[in-house]
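Working notes for the structure below.
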Amino acid sequence: MSDSKRITASKKDLLDLEKGFWTGDSAYYAANADTECLVAFPGMAKAMDNADLAKTATKPNRWRDLQIDLKGIIEPGSDIIMLTYEAHATRENGEAYAALVSTGYVHRVNGWKMMFHSQTPMETAAKS
Numbered sequence: 021m022s023d024s025k026r027i028t029a030s031k032k033d034l035l036d037l038e039k040g041f042w043t044g045d046s047a048y049y050a051a052n053a054d055t056e057c058l059v060a061f062p063g064m065a066k067a068m069d070n071a072d073l074a075k076t077a078t079k080p081n082r083w084r085d086l087q088i089d090l091k092g093i094i095e096p097g098s099d100i101i102m103l104t105y106e107a108h109a110t111r112e113n114g115e116a117y118a119a120l121v122s123t124g125y126v127h128r129v130n131g132w133k134m135m136f137h138s139q140t141p142m143e144t145a146a147k148s
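Numbering of the sequence shown is given in the numbering used here, commencing with residue 21 and proceeding in unit increments.
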């Protein structure tokens, strides 16, 4: 993370938003995702509107033991934040999961909204 430019958004607030997307329900997604969000997962890459994205979170608490290791955060503009991190979590069925994750937020009048999200699964044995 560069110290040459101060990030104006609270890192804690952004990470709290991220955690909510891992554990929240469809109402959380609807409240915290932008009007449209670009998503990229293995087997799925597309733009989704808020309602369709919210429908993907029908089961709250589908993840547990979430650990986020922030790797980088940049603010290319006063209203855009991008962050990347390594995530380790346990699925609802007990299966371990690890991924490199990147998320972009845009600042709207009602707060930071997710407008981009990508996950690249990693071998869970690679957990450090």
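The C-beta atom is built at its ideal place from N, Cα and C for all residues, glycine as well.
Query, Result
"Cα-Cα separation between T104 and K32, rounded to whole angstroms", "14 Å"
"Three-state class that DSSP yields for K133 in the structure shown", "strand"
"Exposure of A109, with buried meaning 16 or more beta-carbon neighbours within 10 Å", "buried"
"Euclidean distance between Cα positions of D36 and G131", "13 Å"
"Residues bridged to P166 [DSSP beta-bridge criterion]", "The requested residue 166 is not part of the displayed model; the chain covers only 21 to 148."
"Short Cβ contact (7 Å threshold) for M135 with C57", "yes"
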